[in-house]
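Every number in the working numbering is 126 more than the matching position in the sequence shown, counting from 1. Glycine residues also receive a C-beta, built at the ideal position from the N, C-alpha and C atoms. All figures in this text were calculated on a predicted structure; none of them were measured in a lab. The structure appears right after this line, and notes come after that.
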Amino acid sequence: MTRPRTVVIVGGGISGLATAFSLLERASTAGLSLRCTILEADSSWGGKIVTHRIGDIVTEAGPDSFLSQKPAGLELCTKLGIADQLINTNETVKKACVLSKGRMCDLPEGLLSFTPRQLKPFLSSGLLTWTGLARMGLEIAVPPGPSREDESLAGFLRRRFGSQAYERVLEPLMAGIYAGDAEQMSLRATFPRFFELEQQHGSVVRGMLEAKKTASTVLSGPRRRTMFVSLKNGLGDLVTALTQRLREQGVELQLGKRVDALRVRSHELGRWMYDLILQDGSALSAESVVLTTPAYVSADLLRPLTPIAGGVLDLIPYTSTATIAMTFPRAMVRGVEGFGFIIPRVEQRDLIAATWTSLKWPHRAPADQLLVRGYVGGVGREEILQLDDAALTAKVQTELAALCGISVEPTYTEVNRWWKAMPQYTLGHLDRLAQLDAAMSRYPGLVLTGAGYRGVGIPDCIRDGATAAERVVQDLSGGTGSGRRSV
Ligand SMILES: Cc1cc2nc3c(=O)[nH]c(=O)nc-3n(C[C@H](O)[C@H](O)[C@H](O)COP(=O)(O)OP(=O)(O)OC[C@H]3O[C@@H](n4cnc5c(N)ncnc54)[C@H](O)[C@@H]3O)c2cc1C
127 MTRPRTVVIV
137 GGGISGLATA
147 FSLLERASTA
157 GLSLRCTILE
167 ADSSWGGKIV
177 THRIGDIVTE
187 AGPDSFLSQK
197 PAGLELCTKL
207 GIADQLINTN
217 ETVKKACVLS
227 KGRMCDLPEG
237 LLSFTPRQLK
247 PFLSSGLLTW
257 TGLARMGLEI
267 AVPPGPSRED
277 ESLAGFLRRR
287 FGSQAYERVL
297 EPLMAGIYAG
307 DAEQMSLRAT
317 FPRFFELEQQ
327 HGSVVRGMLE
337 AKKTASTVLS
347 GPRRRTMFVS
357 LKNGLGDLVT
367 ALTQRLREQG
377 VELQLGKRVD
387 ALRVRSHELG
397 RWMYDLILQD
407 GSALSAESVV
417 LTTPAYVSAD
427 LLRPLTPIAG
437 GVLDLIPYTS
447 TATIAMTFPR
457 AMVRGVEGFG
467 FIIPRVEQRD
477 LIAATWTSLK
487 WPHRAPADQL
497 LVRGYVGGVG
507 REEILQLDDA
517 ALTAKVQTEL
527 AALCGISVEP
537 TYTEVNRWWK
547 AMPQYTLGHL
557 DRLAQLDAAM
567 SRYPGLVLTG
577 AGYRGVGIPD
587 CIRDGATAAE
597 RVVQDLSGGT
607 GSGRRSV
């Protein structure tokens, strides 16, 4: 019998777990016998995916849903046998608001598809002035920008849709996903589809209209999914299902194992061996190592091996945020409807968004409670995280009172801080990935994946984990180095 090949995955967030899952699938197809270990520094699995259950209340400290249009999340749930737990957002209250000059305005439904039919609600929402609206409508006539330059998200949106639409609607909707500053964000790295639509169709609106024609059949299927989906009892169930399956398949899952250093031990005749030195002083060797840690952690691990990769990874900045969950007696809160609201940067508020969680996902709190989740922090607004929990909660309460008239005391509060948690794909991000790729190509079997590179969303992490797994199998099977992508 051939000796199993050894792989260590560093980091047990969704990227690490999904990489392991995909690795087993691919190794089995390739007839490759594997011994796979996942090392996680923390005392629990899932990384940013953290679900808390407090009596009948279910809170999400990090992500609360994932995009259904990117198939990797749904596919993984299906493979794990938990697709029956998937839930749509509550379609009876399908609406969200945006704060505009201190006033809540309805966000026109389907806004991101920019189709003229859906521009109509703008007229009544009062979000944009007539001139702002007319300028937005002129997007179809704006010539495409240069295809070579890496344009900022802000520059692109202003150029195509006008300043007003950018500031009042598009900035909070799009930059908000990254808790980022649109002036610094790379359009191509964060919203590549917008870049492609402009280049291929000359206009985002025209491109969206074309895409809509072909997409309509998918949306009318029997298993129609809303744009965002979650799991009935929280996304933590995805982590539980994944770890269970991996254990059953013989993956060694080790918690409380922080990797402090990485070395190349030896390589002979194309066989590489990497040593991992752990914080507890122990060491582990493997022929392949997948780093799914945040870029700044991977930078420290790789610097002694390849200073170029270390230096490039250092240039991927991360921002800090916090989520604050609160419940209020439902009967004491009036006028709250829809999924919540977003707040443009120009409004200069402490809060960047809030979700009416128990309206969006009805079973997440008892019927007599309203579960709310507020978001603070992000690029340029991280100072607020210096406040202690009580002061942070008070800030969010003050915002909810001023903006939504919620003046009753919360019955439950929970603060979750996320330090250096959200990677920022700033201008030049894709060039940096290419440099990283070149630097890493000298080390077969050493692969980087995770939220820091090709998408922060859960489906992106799962998809990129599958690509990393493919690379590992190729490298272990003695695949050629040509066209190799390490990150
Ligand atoms: C507040 C918040 C809300 C979000 N909301 C959404 C959402 O609604 N939908 C969505 O799709 N995405 C959302 N995201 C983004 C998404 O959750 C993350 O991008 C994704 O979960 C990151 O997964 P990952 O495995 O790449 O990284 P992580 O989850 O950060 O996992 C990396 C793991 O590596 C471990 N580690 C670090 N250093 C070491 C070391 N030296 N040795 C061993 N282990 C180490 C860490 O402990 C961690 O568990 C949100 C993120 C945040 C912070």
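- Query: Run through DSSP, which three-state label would W487 get?
  - Reply: Sequence index remark: in the sequence shown, residue 487 carries index 361 (1-based). In the structure shown, W487 falls within a coil segment according to DSSP collapsed to helix, strand and coil.
If I'm right that L372 touches A146 with Cβ under 8 Å, what's the distance once you round it to whole angstroms?
-> Reading the sequence shown from its first residue, position 246 is the one you call residue 372. Reading the sequence shown from its first residue, position 20 is the one you call residue 146. With a beta-carbon spacing of about 5 Å, L372 and A146 fall inside the 8 Å limit used to define contacts.
Exercise for review: Look at the alpha carbon of G578 and the alpha carbon of M458, and state the distance between them as a whole number of angstroms.
Suggested key: As a first step, residue 578 must be located in the sequence shown, where it is residue number 452. As a first step, residue 458 must be located in the sequence shown, where it is residue number 332. When rounded, the distance between both Cα atoms is 42 Å.
How would you label W256, buried or exposed, when you count the other beta carbons within 10 angstroms and need 16 or more for buried? Stepping through the sequence shown from its first residue, residue 256 is reached at position 130. Counting Cβ neighbours within 10 Å, W256 comes out exposed, since fewer than 16 surround it.
Between the CA atoms of A337 and S346 - distance to the nearest angstrom:
As a position in the sequence shown, residue 346 is number 220, starting the count at 1. As a position in the sequence shown, residue 337 is number 211, starting the count at 1. Confidence is the limiting factor: at S346 the pLDDT is only 47, short of 50, which leaves the residue's position unreliable, though a coordinate-based value still follows. Rounded to the nearest angstrom, the gap between the Cα atoms of S346 and A337 is 15 Å.
**Q.** Expected contact under 8 Å - CB spacing of K196 and P585 to nearest Å
**A.** For the purposes of this step, residue 196 is taken as residue 70 along the sequence shown, with counting starting at 1. For the purposes of this step, residue 585 is taken as residue 459 along the sequence shown, with counting starting at 1. The pair is a contact, with the Cβ atoms about 4 Å apart (cut-off 8 Å).
inquiry  = Quick test of the definition: if touching needs 3 or more C-beta pairs under 8 Å, does the stretch 355-372 touch the stretch 176-193?
reply    = At 8 Å Cβ cutoff, the stretches touch.
Open item on the list: Does the beta-carbon of A367, which I'm using as the reference point, lie nearer than 7 Å to any heavy atom of ligand 1?
Closed with: Residue 367 sits at position 241 when you count from the first residue of the sequence shown. Not so, every heavy atom of ligand 1 lies at least 7 Å from the Cβ.
Discussion item. If I measure Cβ to Cβ from L496 and keep anything under 7 Å in the same chain, skipping five residues before and after, which residues do I get?
Written reply: Within the sequence shown, numbered from 1, the residue matching residue 496 stands at position 370. Cβ-Cβ distances below 7 Å link L496 to T453, F454, R456, V459, V462, W482, S484 in the same chain, with the five nearest sequence neighbours on each side left out; the list follows chain order.
I'd like to know whether the C-beta of R284 is nearer than 8 Å to at least one C-beta of chain B. As a matter of chain content, chain B is missing from the structure shown, which is built from one protein chain.
Exercise for the section: Report yes or no: do three or more beta-carbon pairs, one from the stretch 209-220 and one from the stretch 558-578, lie closer than 8 Å? Expected result: The stretch 209-220 makes no contact with the stretch 558-578; the number of CB pairs closer than 8 Å stays below 3.
V498 beta carbon near ligand 1 (any heavy atom closer than 7 Å)
To locate residue 498, count along the sequence shown from 1; it is residue 372. Not under cutoff, so the answer is no.
* Go ahead and pull the three-state DSSP assignment for S273. => Within the sequence shown, residue 273 is the residue found at index 147, counting from 1. Coil, per DSSP.
According to the neighbour-count rule (16 or more other Cβ atoms, all chains shown, within 10 Å of its Cβ), is I450 buried or exposed? For the purposes of this step, residue 450 is identified with residue 324 of the sequence shown, where counting begins at 1. The residue is buried, with at least 16 neighbouring Cβ atoms inside 10 Å.
In the structure shown, what three-state DSSP assignment does S289 receive? Within the sequence shown, the letter at position 163 stands for residue 289. Reduced to three states, the DSSP call for S289 is helix.
Problem set entry | Same chain only: Cβ atoms within 6 Å of K358, ignoring 5 sequence neighbours per side | Stepping through the sequence shown from its first residue, residue 358 is reached at position 232. Taken in chain order, the residues that qualify are Q211, I213.
**OP:** Using 7 Å as the cut-off, classify the Cβ of E577 as near or not near the heavy atoms of ligand 1, replying yes or no.
**Re:** Taking the first residue of the sequence shown as 1, we reach residue 577 at position 451. Note that residue 577 is Ala in the sequence shown, not Glu. Answer for A577: yes, Cβ within range of ligand 1.
What does a CB cutoff of less than 7 Å around S533 pick up in its chain, not counting 5 residues either side in sequence?
-> Along the sequence shown, one-based indexing puts residue 533 at 407. Excluding positions up to five away in sequence, the list reads A527.
Practice item. If I'm right that S603 touches L158 with Cβ under 8 Å, what's the distance once you round it to whole angstroms? Key: Along the sequence shown, one-based indexing puts residue 603 at 477. Along the sequence shown, one-based indexing puts residue 158 at 32. Yes, they are in contact, since the Cβ atoms of S603 and L158 sit about 6 Å apart, within 8 Å.
Self-check item: H555 burial status per 10 Å Cβ neighbour count (16 or more: buried)
Solution: As a position in the sequence shown, residue 555 is number 429, starting the count at 1. By the neighbour-count rule (16 or more Cβ atoms within 10 Å), H555 is buried.
Can you check DSSP and say which residues form a bridge with I164? By one-based count along the sequence shown, residue 164 stands at place 38. Paired residues: I135, L379.
Any heavy atom of ligand 1 inside 7 Å of the beta-carbon of A167? For the purposes of this step, residue 167 is taken as the residue at position 41 of the sequence shown. Correct: A167 has its Cβ closer than 7 Å to ligand 1.
Would a C-beta distance cut-off of 8 Å place A547 and K174 closer than the cut-off? Position 421 of the sequence shown holds residue 547. Position 48 of the sequence shown holds residue 174. Between A547 and K174, the C-beta gap is smaller than 8 Å, which places the two residues in contact.
* In the DSSP assignment, what residue or residues form a beta bridge with V184? -> Your numbering for residue 184 matches position 58 in the sequence shown. DSSP, once it has assigned bridges, lists R179 as partnering V184.
### Query
Would you call Q523 buried or exposed, if buried means 16 or more other Cβ atoms sit within 10 Å of its Cβ?
Numbered from 1 along the sequence shown, position 397 holds the residue referred to as residue 523. Sixteen is the threshold: when 16 or more other Cβ atoms of the shown chains lie within 10 Å of the Cβ of Q523, as they do, the residue is buried.
For V598, which of E151, R129, F317 has the nearest alpha-carbon? Residue 598 sits at position 472 when you count from the first residue of the sequence shown. Of E151, R129, F317, the residue nearest in Cα terms is E151.
- Message: Can you check which of these residues, L296, S329, G228, G504, is closest to F473 by C-alpha distance?
- Response: Along the sequence shown, one-based indexing puts residue 473 at 347. The sequence shown places Glu at residue 473, not Phe. Among L296, S329, G228, G504, the Cα nearest to that of E473 belongs to G228.
**Q.** Under 8 Å between C-beta atoms of P492 and D182
**A.** The residue labelled residue 492 in the question sits at position 366 within the sequence shown. The residue labelled residue 182 in the question sits at position 56 within the sequence shown. Yes, Cβ-Cβ distance for P492 and D182 is below 8 Å.
Query raised in the report: Straight-line CA distance for D406 to Y501?
Result: Your numbering for residue 406 matches position 280 in the sequence shown. Your numbering for residue 501 matches position 375 in the sequence shown. The straight-line gap from Cα to Cα measures roughly 36 Å.
Would the beta-carbon of R384 be found less than 7 Å away from any heavy atom of ligand 2?
Of the ligands this structure carries, namely ligand 1, none is ligand 2.
Handout entry: Host beta strand (DSSP E) of E540 (start-end)
Key = Here residue 540 corresponds to residue number 414 of the sequence shown, with the count starting at 1. That run of the beta strand (DSSP E) goes 538-549.
**Study point:** Alpha-carbon to alpha-carbon, V582 and L388
**Key:** Taking the sequence shown and counting its residues from 1, one reaches residue 388 at position 262. Taking the sequence shown and counting its residues from 1, one reaches residue 582 at position 456. Looking at the backbone, the Cα of L388 and that of V582 are separated by about 25 Å.
inquiry  = Using the three-state DSSP reduction, which class does Q512 fall into: helix, strand or coil?
reply    = Within the sequence shown, numbered from 1, the residue matching residue 512 stands at position 386. Residue state, collapsed to three classes: helix.
query = Measuring from the CB of F467, is there a heavy atom of ligand 1 at a distance below 7 Å?
reply = On the sequence shown, position 341 is the one that residue 467 refers to. It does not: the Cβ of F467 is nowhere closer than 7 Å to a heavy atom of ligand 1.
Query raised in the report: With 16 other CB atoms within 10 Å as the buried threshold, where does W487 fall?
Result: Mapped onto the sequence shown, residue 487 falls at position 361. With a threshold of 16 other beta carbon atoms within 10 Å, W487 meets it and is buried.
- Near ligand 1: I140 beta-carbon under 7 Å from a heavy atom: Here residue 140 refers to the residue found at position 14 of the sequence shown. For ligand 1, a non-hydrogen atom lies closer than 7 Å to the CB of I140.
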